[in-house]
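*Asks:* Chains as they are written, first to last, in our numbering: chain A, 1 to 291; chain B, 1001 to 1291; chain C, 2001 to 2291; chain D, 3001 to 3291.
This structure is in structure tokens; I'll ask about it shortly.
Below, the structure is given as structure tokens:
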């Protein structure tokens, strides 16, 4: 005999563009929205009774309609509005998670824009009828230092071949997620502050390892960004391998590198403000990012 | 002040091909391997002291060398061998997670092969010096039913526009992960059984919703596959939208569909054998798949 | 002053699934269709007069409607039907190119299917009101030989470091495009024959270079496939690099390979039947594949 | 009997990072380089005689070594230097095509950079021992106008359902390739000028169709950029579909759009300076972009 365990369902990757047109300078909100709902869903799984199922198509419609009715504004606010709606209006839904990616554009003129292709701003908001959990974040922020990075003194064993280096390229694509003790006065200002802290700490830290750089970046965030009490970082180490030009009679003093795709290092870590409780990991399924 | 929270590091996407050449019929093991280690890593984060850090380059070398020394065999066994090695030989490493994707080929001749492009077999093994957790799985198994699927009687609200349907295409790309109470006698036989159960249940279930199909697939697995006590399924609903040909004076009785990329439904659920304890969700960070 | 040169426009990547339901065993036609039209389009470019422009949305509708009215059948036939329609019914359109990818599925039961993920069958048909040009093809057919491949005796210069090898893995992802002197009796039979010739020639050719293998594959096609008078092949060389396990005290007699993503070799060549004229390269813009 | 037709071979996607370190402010040249060679290659195809084959591995080494020996500078110059080298030093090589993508970074500090993710600058240079052909270009420049675009007065037929619109979003990802009558004094200045012309023309053109916008962009380039005598443009029409919010009692005056992935329109065209000869299309195989 079998029984149903944890489950959720929803609409993923709703691609919506909202244009604010009330001023001569239009404003774009270019979003990818995901919704995940959980609750009293035994009947649909066990006997195909759909009466508790709000279709994923309706979830998509709701995102569209809310963009028009309420505007988008800051993604954290828009995600919370949606999450609350699903829980508050559907008796069977006990928990809603709304995740939003915001894609950046730069203005060319009043109605003209170019996509910047810089990092994507992200948020994940979960509401369970009682508490609201908000995570802000970013991904695909690619940073590189062409010097000021070494890697020495590491553990060795039978399988070690890597030479020590006192000067290498350090390159990573930052994925970050953070939580604030209280919602900040303005999410955009808070976002800009965290982004600046991450970038600045990367740029001005002499790196003995990517782990050290990660910790420096996280520390900069929790120590300088008001209200941020935890930041998680996932930093792939995009290896730039110094090419041996010796066979061609050439020295290569940190000038020519092969950029490798795979494999890559992957450094993950969490930095907390002193006194902050660790996050409630068991809720991760709820936050939509867990498998 | 800041402090370090959860962290791990390792090498991701090590692409290794192992050829067994001891018989006239060569055998391929085409793998993508990921390693993640955790333990006493405070010093590297806080002060850049790398003495506890086994470089990710060494991890890659170890995968290569182990493929030669021990062969690959079943991916669950190979992953466990690697996970134990890192914990048993590195004092600072308290937990190792090894994830492997195995890419399928079909034989053309003794030494010639074609990639099948069918589903990828997966495993994730975690060892913490005490317990070993093994998960087997698959992904990118794309299944479709051209009839025998309806979606009716669902909840409606102000934002509902979806019409009910008593005949639609149901299409999904199965991602599954399961655990066995005990390691089976042969991982390959176990894998083939789970795959067959998933496919057969999908094909012979009349579907009132994808949730119901998910539960039928999961139930089939735990009820017919010896030793499997839990299976998690993630089923994107790849929408095939019946095209309205009315404007052209044509009926369209389930024949012509637009295949949509985004958005898509995403149905996730767990099915457990009666008596099986739910999995220990808090360990998910350890299993490498959690963000 | 400026003037308009070559131009064309159309709809790309129309994803359509046609289900034949007239027998208990349903049949799938899973297509990605592209349309490109050219003709008297000066007015739209120069002054925005759209009167000669058949919207790309209408092109998409036509694909949908034709799938229902005429069925899909063989992709070469369906593409030609569409190409002729646009030229024959739109005075301003002097040339239409229709390209189709067909994605393969295997039957599980009468109405159930699994995507095989093997190669994609392709076609490109151009009609200019007078002539019809048909090209058949395939791509993403990944083949590998685990032995029976060497690479020696090559040219060397100051920048040579590659050692010669008498035993390596040879792996490629075949992209092929061929033309027949006359339309074959059955396009599917013709396709199966070409595919078999490519695979068989790859498998039974001892390879001194990928160029030699390419020529052997092309020769096999034009010599054994009735009516095929030219085949073009594009073969990336997916390098499998033998790992040096010497530092770990291990020999590696062709067993453990690193699979590299980039860079890769790219070998392109054409094989013609004796007496066949070379293709009319200048028409390539028309065939939609040219930039 | 079979015979060999057109052929070429080379190394694709060589990922190289060159750092200029001679000043405190480092400069990055982040390139993806492709090489394709053609010439007396009958023996390798027919009998596997590799004596005329300069291995693709050597080509890669040459790119690395040249980056060190000569620096990278402007990609057009670097590509030409490489193309000439292969033809001038290898007797069997009669034609070399070198294609380079340059990936943009922005400076954060002397040695720190962030990838901008904006458009990629491209070039393709072919040398045949006699003539040098240079093409400059860009791709992935994503532009959007939130108003100032209509689409009306188009041709209609039985399959028309698209309503006319006098206000829509116009969005495209620009791919452009141009040629200069003579090499400009400075390739970077020339590039910046063409990019600015493309962006400005897109932003200040009231659009009656994407074809008209394409022609306006091309005209701006050839009329304002010194020496540019031809520009080819490939403009996908990234459809933003106005969502019908009527069922929810909401008007939607150009505010909420569904961003569709596929299908998309694809508008391609060439604009020439008065008096410029059309390009020599038959050479396209040589330029590496032809299939």
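C-beta: ideal position from N, C-alpha, C; glycine also.
With a floor of 3 residues, list each beta strand (DSSP E) that falls wholly inside the stretch 3107-3171 of chain D, ordered by position along the chain.
*Replies:* Here the runs fully enclosed are 3112-3115, 3120-3127, 3132-3145.
*Asks:* Under the DSSP definition of a beta bridge, which residues are partnered with residue 2254 of chain C?
*Replies:* Numbered from its first residue, the third chain carries residue 2254 of chain C at position 254. None, per the DSSP bridge assignment.
*Asks:* Measure the beta-carbon distance from residue 1199 of chain B to residue 2114 of chain C and round it to whole angstroms, keeping in mind my assumption that it falls under 8 Å.
*Replies:* Numbered from 1 along the second chain, position 199 holds the residue referred to as residue 1199 of chain B. Numbered from 1 along the third chain, position 114 holds the residue referred to as residue 2114 of chain C. Between residue 2114 of chain C and residue 1199 of chain B the Cβ distance is about 7 Å, and since that is below 8 Å, they are a contact.
*Asks:* Count the other CB atoms, across all protein chains shown, that sit within 10 Å of the CB of residue 2175 of chain C; report buried if there are 16 or more and exposed otherwise.
*Replies:* Here residue 2175 of chain C refers to the residue found at position 175 of the third chain. Taking all protein chains shown into account, residue 2175 of chain C has 16 or more neighbouring C-beta atoms within 10 Å of its C-beta and is therefore buried.
*Asks:* I'd like the ranges of any alpha helix (DSSP H) spanning at least 4 consecutive residues and lying wholly in the stretch 1007-1067 of chain B.
*Replies:* DSSP runs (the alpha helix (DSSP H)) wholly in the stretch 1007-1067 of chain B: 1042-1047.
*Asks:* If we call anything under 8 Å between Cβ atoms a contact, is residue 3138 of chain D one with residue 3170 of chain D?
*Replies:* Along the fourth chain, one-based indexing puts residue 3138 of chain D at 138. Along the fourth chain, one-based indexing puts residue 3170 of chain D at 170. Not a contact, by the Cβ cut-off of 8 Å.
*Asks:* Let me see if you follow: with CB-CB separation under 8 Å, is residue 2161 of chain C close to chain A or not?
*Replies:* In the third chain, the residue the question calls residue 2161 of chain C occupies position 161. It does; some Cβ of chain A falls within 8 Å.
*Asks:* Using a Cβ-Cβ distance cut-off of 8 Å, determine whether residue 1213 of chain B contacts chain C.
*Replies:* Here the question's residue 1213 of chain B lines up with position 213 in the second chain. Judged by the 8 Å Cβ criterion, residue 1213 of chain B is not in contact with chain C.
*Asks:* What are the boundary residues of the beta strand (DSSP E) that residue 2095 of chain C is part of?
*Replies:* Taking the third chain and counting its residues from 1, the one referred to as residue 2095 of chain C is at position 95. Segment 2093-2103, the beta strand (DSSP E) holding residue 2095 of chain C.
*Asks:* Would you mind working out which of B:1118, B:1110, B:1128, B:1243 sits nearest residue 1103 of chain B, comparing C-alpha positions?
*Replies:* The count along the second chain starts at 1 and reaches residue 1103 of chain B at position 103. For the residues B:1118, B:1110, B:1128, B:1243, the minimum Cα distance to residue 1103 of chain B belongs to B:1118.
*Asks:* DSSP state of residue 3205 of chain D, grouped into three classes?
*Replies:* As a first step, residue 3205 of chain D is located in the fourth chain; it is residue number 205 there, counting from the start. Three-state result, residue 3205 of chain D: coil.
*Asks:* Anything in chain C within Cβ reach of residue 1018 of chain B, meaning under 7 Å, just list it in chain order.
*Replies:* Mapped onto the second chain, residue 1018 of chain B falls at position 18. The answer, in chain order, is 2255, 2256.
*Asks:* Counting beta carbon pairs with one atom in the stretch 10-18 of chain A and one in the stretch 1258-1265 of chain B, are three or more of them shorter than 8 Å?
*Replies:* Enough Cβ pairs lie closer than 8 Å, so yes.
*Asks:* Does the beta carbon of residue 3245 of chain D come closer than 8 Å to any beta carbon on chain A?
*Replies:* In the fourth chain, residue 3245 of chain D corresponds to position 245, counting from 1. At least one chain A Cβ lies under 8 Å of residue 3245 of chain D.
*Asks:* Using 8 Å for Cβ pairs, my map puts residue 252 of chain A next to residue 259 of chain A. What's the rounded Cβ distance?
*Replies:* Start at 1 with the first residue of the first chain, and residue 252 of chain A comes out as number 252. Start at 1 with the first residue of the first chain, and residue 259 of chain A comes out as number 259. Rounded, the Cβ-Cβ distance is 15 Å, inconsistent with contact.
*Asks:* Identify whether residue 234 of chain A lies in helix, strand or coil by the three-state DSSP scheme.
*Replies:* As a first step, residue 234 of chain A is located in the first chain; it is residue number 234 there, counting from the start. Of the three classes helix, strand and coil, the one that applies to residue 234 of chain A here is strand, per DSSP.
*Asks:* Would you identify the three-state DSSP class for residue 3193 of chain D, choosing helix, strand or coil?
*Replies:* On the fourth chain, position 193 is the one that residue 3193 of chain D refers to. Helix, per DSSP.
*Asks:* Assuming residue 1005 of chain B and residue 270 of chain A form a contact by the criterion Cβ under 8 Å, report the distance between their Cβ atoms to the nearest whole angstrom.
*Replies:* On the second chain, residue 1005 of chain B is found 5 positions in, with the first residue counted as 1. On the first chain, residue 270 of chain A is found 270 positions in, with the first residue counted as 1. Yes, residue 1005 of chain B and residue 270 of chain A are in contact; Cβ-Cβ is about 3 Å, under 8 Å.
*Asks:* Could you have a look at residue 1216 of chain B and say whether DSSP puts it in helix, strand or coil?
*Replies:* Residue 1216 of chain B sits at position 216 when you count from the first residue of the second chain. Residue 1216 of chain B carries a helical assignment under DSSP once its states are collapsed to helix, strand and coil.
*Asks:* Suppose contacts are defined by Cβ-Cβ distances below 8 Å. Is residue 2061 of chain C in contact with residue 3152 of chain D by that definition?
*Replies:* As a position in the third chain, residue 2061 of chain C is number 61, starting the count at 1. As a position in the fourth chain, residue 3152 of chain D is number 152, starting the count at 1. No, the pair does not count as a contact, with Cβ atoms beyond the cut-off.
*Asks:* Along the stretch 39-61 of chain A, what residues have a CB closer than 8 Å to any CB found in chain D?
*Replies:* Considering only beta carbons, the part of the stretch 39-61 of chain A lying closer than 8 Å to chain D consists of 61, in chain order.
*Asks:* Roughly how many whole angstroms lie between the Cα atoms of residue 1191 of chain B and residue 1123 of chain B?
*Replies:* The count along the second chain starts at 1 and reaches residue 1191 of chain B at position 191. The count along the second chain starts at 1 and reaches residue 1123 of chain B at position 123. So the alpha carbons of these two residues sit roughly 11 Å apart.
*Asks:* Out of D:3147, D:3109, D:3172, state which residue places its alpha-carbon closest to the alpha-carbon of residue 3165 of chain D.
*Replies:* What you label residue 3165 of chain D is simply residue 165 of the fourth chain in a count that begins at 1. Restricting attention to D:3147, D:3109, D:3172, the CA atom closest to the CA of residue 3165 of chain D is found in D:3147.
*Asks:* Please work out which residues of its chain come closer than 8 Å, Cβ to Cβ, to residue 56 of chain A, disregarding the five sequence neighbours upstream and downstream, and give them in chain order.
*Replies:* For the purposes of this step, residue 56 of chain A is identified with residue 56 of the first chain, where counting begins at 1. Here the set comprises 9, 10, 11, 35.
*Asks:* Give me the chain D residues within the contact set of residue 2148 of chain C, using Cβ-Cβ distance strictly less than 8 Å, ordered along the chain.
*Replies:* Position 148 of the third chain, counted from the start, is the residue given in the question as residue 2148 of chain C. Near residue 2148 of chain C there are no residues of chain D at all, since even the closest Cβ is about 12 Å away, more than 8 Å.
*Asks:* Taking residue 2271 of chain C as part of the beta strand (DSSP E), name the residues at either end of that continuous run.
*Replies:* Looking up residue 2271 of chain C in the third chain gives position 271. Counting along the chain, the beta strand (DSSP E) containing residue 2271 of chain C begins and ends at 2264-2273.
*Asks:* Measuring CB to CB, does residue 3273 of chain D end up less than 8 Å from residue 2002 of chain C?
*Replies:* Counted from its first residue, the fourth chain places residue 3273 of chain D at position 273. Counted from its first residue, the third chain places residue 2002 of chain C at position 2. Yes.
*Asks:* With residue 2242 of chain C as the anchor, note down where its beta strand (DSSP E) starts and where it stops.
*Replies:* Residue 2242 of chain C sits at position 242 when you count from the first residue of the third chain. Looking at the DSSP string, the run of the beta strand (DSSP E) that includes residue 2242 of chain C is 2240-2242.
*Asks:* Kindly indicate the opening and closing residues of the alpha helix (DSSP H) around residue 277 of chain A.
*Replies:* Counting from one through the first chain, the residue named residue 277 of chain A turns up at place 277. Unbroken run through residue 277 of chain A: none, as it is neither H nor E.
*Asks:* Which residues mark the beginning and the end of the alpha helix (DSSP H) in which residue 88 of chain A is found?
*Replies:* Counting from one through the first chain, the residue named residue 88 of chain A turns up at place 88. That run of the alpha helix (DSSP H) goes 75-89.
*Asks:* Could you work out which residue in A:207, A:132, A:179 is closest to residue 194 of chain A when comparing CA atoms only?
*Replies:* Translated into positions along the first chain, residue 194 of chain A becomes position 194. Residue 194 of chain A has its Cα closest to that of A:179, out of A:207, A:132, A:179.
*Asks:* To the nearest angstrom, report how far apart residue 943 of chain B and residue 1027 of chain B are at their CA atoms.
*Replies:* Here chain B has residues from 1001 to 1291 only, and residue 943 of chain B is not among them.
*Asks:* Step through the CB atoms of chain D and report whether any lies within less than 8 Å of the CB of residue 114 of chain A.
*Replies:* If you number the first chain from 1, residue 114 of chain A lands on position 114. True, the Cβ-Cβ gap to chain D drops below 8 Å.
*Asks:* Run down chain B in chain order and give the residues with a C-beta less than 7 Å from the C-beta of residue 2117 of chain C.
*Replies:* Here residue 2117 of chain C refers to the residue found at position 117 when the third chain is read from its first residue. Near residue 2117 of chain C (Cβ distances below 7 Å), the residues of chain B are 1116, 1117, 1118.
*Asks:* Could you give the distance in angstroms between the alpha-carbon of residue 1234 of chain B and the alpha-carbon of residue 1133 of chain B?
*Replies:* Against the second chain, residue 1234 of chain B aligns to sequence position 234. Against the second chain, residue 1133 of chain B aligns to sequence position 133. Distance between the alpha carbons of residue 1234 of chain B and residue 1133 of chain B is about 20 Å.
*Asks:* Tell me, please, whether the CB atom of residue 3210 of chain D is closer than 8 Å to any CB atom in chain A?
*Replies:* Residue numbering aside, residue 3210 of chain D sits at position 210 when the fourth chain is read from its first letter. Chain A, which has no Cβ nearer than 8 Å to the Cβ of residue 3210 of chain D, makes this no.
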